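Visitor:
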Amino acid sequence: VDTTAGEVLFARREPGDVRRQGDCFVLQDQAITVPPTIPEKNYTLDEVKDLLNRLAGLSNLRFEADTEIGFKARVGFRDLMAFIFQPQNIVANPDVLFFKADTTEHRERLKTIFPYVLGAINSRTLSARQELIQIQRQLKRLKTDLTHIESAADRWAAEGRSWLQQAIELGLVPQTRIPDVWTDILGQLRAVAEAPHRPAAPSVPGMESTFQRITFLRVEIRRLSSDAAEHKQRLFEIRHLTESSERFGGALELQRERLGLSTWLRDHFEEQDTPLERRVADSMLLDRLCGALGTIELQVRTQPVVRGSLDKEESERREALGSVLDALTSARKELAVYERSSTDTKALGDRHAFAERFLGRLEQALSQYDDADHTGPLRAEIEALSVREVALRNEIDDGATKRKLDAALGDIEALTGDLVPNLDGEWKSSPVRLNVHELTVEVEREGRKHFLWEIGSGANWLAYHVAITVALQQFFARTPNHGVPSLLIYDQPSQVYFPKRATEKNDAGADDTAVRWPDEDVEAVRAVFKLLGEVVTHAEAPLQVIVLDHADGEVWGNLLGVELCERWRDGQKLVPVAWLEED
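Here the sequence shown is numbered in my numbering, starting from 1 and rising by one per residue.
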């Protein structure tokens, strides 16, 4: 297989009597020589999938968070095969347009990835969705914490008078009248809690345990602060690398545009009437320019692989930073409680047990009130996360995604409209639009839209299958480094007109026609081959089309871009018989 990283040989062990076999062999180089034997595996099936995902430049991010499998998992290379293969049961099927879309699993999966494949969403959009989900979870937790703190503060404030009344009864407050203003009540309660007459005396072992916990918390806070700083610095570096990668990609595109003229000049150079010595010198210069252009194009094709890795690491780093900050906040709160309590233990006295319990509950109430009264940092964090949530929603913008998807479908409709008139369809001038929700095409005629299964004739079904798959490849070619391989495979497109041609051999061993096809059927199938040959020849990017068919030379012969590769008859097969004999 020819890839952006050079040639790659993929091999998988024949399963024999077992249902499937995951032993694989991969060989990569600029030019591959197929080895005569493969002694052992060097890849697993999952590793091959990962390699293909990287070569295609596919995003590592999921369509929904916490989804490793199912319809919303990350897009994989095997998902893209729906746009490549048109096997015999699909190529002229009125009910199914894409490979494997006849099963619910693949059908729903294809619906999910279509906006990504058509460029309506990209890796940045998926990254924003991941971050939005994390922020929404964090906001929900912080708002719940704030609600609990505020509820506790309101409850204790309402009970403030009863607290002060109990303090008066215990003789802890030198007055009998309770103030009407809450701030005065709170001040007196604080004075009671902070007064140098505590009914209990601290023990040395108890204080030592507290001091050990305080020391541990201080060390933990320093460690977490260091981890948070490291994550922040790494996020800054990733952002910087992403911006640099984008600028580098733009610079490469500019160089490629400037050097693009060199290939045209080289193609037309021999036509110039110039002295031989001058022509040789100029030809060498053009070869160097074209070589530089090839190097730049390879760099441009490999750039999405770098961007996908950076997006995934950025998402993971952001999630790790959130966890570290949560742990840091929790440790700081606990340390603050210990530091406040350690100051108060110095004033403990020998009081009645009831007064001791009362003062303990009073300190707890005041602590909860203070937590609610000093929720400024918590509110600020909630406000900052809310602002980021709005920004991410604007960045995701489902409306903009729909507009991009509609624009892409409009381009595909225009490309399809140029292809259908060249095929044996009935409604050659009717607009044909790809419906990504139903995974079929709809043809507009006389003010009404007709789905593929509502249109009769196998000739129509074949025409729309060929036109839409070719139009998609033409659309993909307009996007640099698109993940879908530039490859189409059609199996038995002529079956609509003649399932299998009967042939027999004459005495000389040549094929004689036993059954003649009607001329109009030959022309209809020939139109398919002619269109595919012209598309391959004039494609904006390298495109390969493989057709497996019983049709012979009178159908596809002497057509631009159409070549016979193999004729599997008379013992010649895709898997050579010699291989089986050697086994």
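No residue lacks a Cβ here, since even glycine has one placed at the ideal position from N, Cα and C. Note that the structure is a prediction, hence the values are computed from the model and not measured.
Just list the residues that DSSP pairs residue 6 with in beta bridges.
Guide: Locating residue 6 in the sequence shown gives position 6, where the first residue counts as 1. Answer is 3.
Visitor: Excluding the 5 residues flanking residue 115 on each side, which residues of the same chain have their C-beta closer than 7 Å to its C-beta?
Guide: Locating residue 115 in the sequence shown gives position 115, where the first residue counts as 1. These residues qualify, in order along the chain: 121, 401 and 405.
Visitor: Say whether chain C places a C-beta atom closer than 8 Å to the C-beta of residue 125.
Guide: Of the protein chains in the structure, only one exists, and it is not chain C.
Visitor: For residue 11, which of helix, strand or coil comes out of DSSP?
Guide: Residue numbering aside, residue 11 sits at position 11 when the sequence shown is read from its first letter. It is a strand residue.
Visitor: According to DSSP, is residue 441 helix, strand or coil?
Guide: Your numbering for residue 441 matches position 441 in the sequence shown. Note: residue 441 maps to strand in three-state DSSP.
Visitor: According to DSSP, residue 290 sits in a beta bridge with which residue or residues?
Guide: The residue you call residue 290 lines up with position 290 of the sequence shown. None, per the DSSP bridge assignment.
Visitor: Would you report the Cα separation of residue 319 and residue 143, rounded to the nearest angstrom?
Guide: The sequence position of residue 319 within the sequence shown is 319, counting from 1. The sequence position of residue 143 within the sequence shown is 143, counting from 1. Cα to Cα, the separation comes out at about 19 Å.
Visitor: If I follow the unbroken beta strand (DSSP E) through residue 498, where does it start and stop?
Guide: Working through the sequence shown from its first residue, we reach residue 498 at position 498. Looking at the DSSP string, residue 498 is not in any beta strand (DSSP E), and its letter there is neither H nor E.
Visitor: Classify residue 492: buried if its beta carbon has 16 or more other beta carbons within 10 angstroms, exposed otherwise.
Guide: Looking up residue 492 in the sequence shown gives position 492. It is buried - the Cβ of residue 492 has at least 16 other Cβ atoms within 10 Å.
Visitor: Expressed to the nearest angstrom, what Euclidean distance is found between the alpha-carbon atoms of residue 317 and residue 238?
Guide: In the sequence shown, the residue the question calls residue 317 occupies position 317. In the sequence shown, the residue the question calls residue 238 occupies position 238. If you take the alpha carbons of residue 317 and residue 238, they lie about 10 Å apart.
Visitor: What residues are listed by DSSP as bridge partners for residue 435?
Guide: Position 435 of the sequence shown, counted from the start, is the residue given in the question as residue 435. Paired residues: 440.
Visitor: Could you compute how far the alpha carbon of residue 503 sits from the alpha carbon of residue 485?
Guide: Position 503 of the sequence shown holds residue 503. Position 485 of the sequence shown holds residue 485. Residue confidence is low: residue 503 scores 42 on pLDDT, short of 50, so the model does not pin down where it sits. Its coordinate-derived value is still stated next. Whole-angstrom Cα-Cα distance: 36 Å.
Visitor: Got a sec? Which residues, its chain only, sit under 8 Å from residue 88 by beta carbon, not counting five neighbours each side?
Guide: Position 88 of the sequence shown holds residue 88. Excluding positions up to five away in sequence, the list reads 491, 492 and 495.
Visitor: Is the Cβ-Cβ distance between residue 184 and residue 324 less than 8 Å?
Guide: For the purposes of this step, residue 184 is identified with residue 184 of the sequence shown, where counting begins at 1. For the purposes of this step, residue 324 is identified with residue 324 of the sequence shown, where counting begins at 1. Against a cut-off of 8 Å, the Cβ pair of residue 324 and residue 184 comes out as no contact.
Visitor: By the three-class DSSP mapping on this structure, what secondary structure does residue 401 have?
Guide: The count along the sequence shown starts at 1 and reaches residue 401 at position 401. If DSSP states are grouped into helix, strand and coil, residue 401 belongs with the helices.
Visitor: When the Cα of residue 101 is compared with those of 437, 73 and 422, which residue comes out closest?
Guide: The residue you call residue 101 lines up with position 101 of the sequence shown. Of the candidates 437, 73 and 422, the one whose C-alpha sits nearest the C-alpha of residue 101 is 437.
Visitor: To the nearest angstrom, how far is the alpha carbon of residue 553 from that of residue 30?
Guide: Against the sequence shown, residue 553 aligns to sequence position 553. Against the sequence shown, residue 30 aligns to sequence position 30. Their backbone Cα atoms lie some 35 Å apart in a straight line.
Visitor: Within 10 angstroms of the Cβ of residue 288, are there 16 or more other Cβ atoms? Answer buried if so, exposed if not.
Guide: Here residue 288 corresponds to residue number 288 of the sequence shown, with the count starting at 1. Flag for residue 288 reads exposed.
Visitor: Report all residues from its chain with a CB closer than 7 Å to the CB of residue 96; omit the five preceding and five following residues, and keep chain order.
Guide: Stepping through the sequence shown from its first residue, residue 96 is reached at position 96. The answer, listed in chain order, is 90 and 102.
Visitor: If you check the beta carbons only, do residue 85 and residue 489 fall under 8 Å apart?
Guide: Within the sequence shown, residue 85 is the residue found at index 85, counting from 1. Within the sequence shown, residue 489 is the residue found at index 489, counting from 1. Yes, these two residues count as a Cβ contact at 8 Å.
Visitor: If residue 415 sits next to residue 471, beta carbons under 8 Å apart, how far is it from one beta carbon to the other, in whole angstroms?
Guide: Position 415 of the sequence shown holds residue 415. Position 471 of the sequence shown holds residue 471. Right, the Cβ-Cβ distance comes to about 4 Å (below 8 Å), so this counts as a contact.
Visitor: Which same chain residues, not among the five before or five after residue 242, have their C-beta less than 6 Å away from its C-beta?
Guide: If you number the sequence shown from 1, residue 242 lands on position 242. Counting only Cβ-Cβ distances below 6 Å, and skipping sequence neighbours, we find 310.
Visitor: Between residue 385 and residue 139, how many whole angstroms is the CB-CB distance? I'm expecting something under 8 Å.
Guide: On the sequence shown, position 385 is the one that residue 385 refers to. On the sequence shown, position 139 is the one that residue 139 refers to. That pair is a contact at about 5 Å.
Visitor: So does the region 555-574 actually touch the region 526-539, counting three or more Cβ pairs closer than 8 Å?
Guide: Yes, they touch.
Visitor: For residue 448, list the residues DSSP reports as bridge partners.
Guide: The sequence position of residue 448 within the sequence shown is 448, counting from 1. Paired residue(s): 445.
Visitor: Excluding five sequence neighbours on each side, which residues of the same chain lie with their C-beta closer than 7 Å to the C-beta of residue 430?
Guide: The count along the sequence shown starts at 1 and reaches residue 430 at position 430. Counting only Cβ-Cβ distances below 7 Å, and skipping sequence neighbours, we find 443, 444 and 445.
Visitor: What three-state label does DSSP hand residue 99 in the structure shown?
Guide: The residue labelled residue 99 in the question sits at position 99 within the sequence shown. Three-state DSSP puts residue 99 in coil, outside helix and strand.
Visitor: Thinking C-alpha only, which one of 497, 479, 481 and 435 is nearest residue 463?
Guide: What you label residue 463 is simply residue 463 of the sequence shown in a count that begins at 1. Of the candidates 497, 479, 481 and 435, the one whose C-alpha sits nearest the C-alpha of residue 463 is 497.
Visitor: Let me know if residue 148 comes out buried or exposed under the rule of 16 or more other beta-carbons within 10 Å of its beta-carbon.
Guide: Your numbering for residue 148 matches position 148 in the sequence shown. So residue 148 counts as exposed.
Visitor: Going by the DSSP bridge assignment, what does residue 44 pair with across the sheet?
Guide: Start at 1 with the first residue of the sequence shown, and residue 44 comes out as number 44. Note: residue 44 sits in a beta bridge opposite 23.
Visitor: Grab me the residues of residue 25's own chain with a C-beta within less than 6 Å of its C-beta, minus the 5 sequence neighbours each way, in chain order.
Guide: Walking along the sequence shown from the start, residue 25 turns up at place 25. Here the set comprises 11, 38, 41 and 42.
Visitor: Which residues in the same chain as residue 14 place their Cβ atom closer than 8 Å to its Cβ, once the five residues preceding and following it in sequence are excluded?
Guide: Mapped onto the sequence shown, residue 14 falls at position 14. Excluding sequence neighbours, residue 14 sits near 21.
Visitor: Give me the DSSP bridge partner(s) of residue 490.
Guide: Here the question's residue 490 lines up with position 490 in the sequence shown. DSSP lists 86 and 547 as partners of residue 490.
Visitor: In the DSSP assignment, what residue or residues form a beta bridge with residue 28?
Guide: To locate residue 28, count along the sequence shown from 1; it is residue 28. BP columns for residue 28 point to 8.
Visitor: Near residue 277, what residues of its chain come up, given a Cβ to Cβ distance below 8 Å and the 5 sequence neighbours on each side ignored?
Guide: The count along the sequence shown starts at 1 and reaches residue 277 at position 277. Here the model assigns residue 277 a pLDDT of 48, short of 50, so the residue's position is not dependable, and the following value carries that caveat. Nothing listed; no residue qualifies.
Visitor: Residue 414 by DSSP, collapsed to three states: which one?
Guide: Counted from its first residue, the sequence shown places residue 414 at position 414. Residue 414 falls in the helix class under three-state DSSP.
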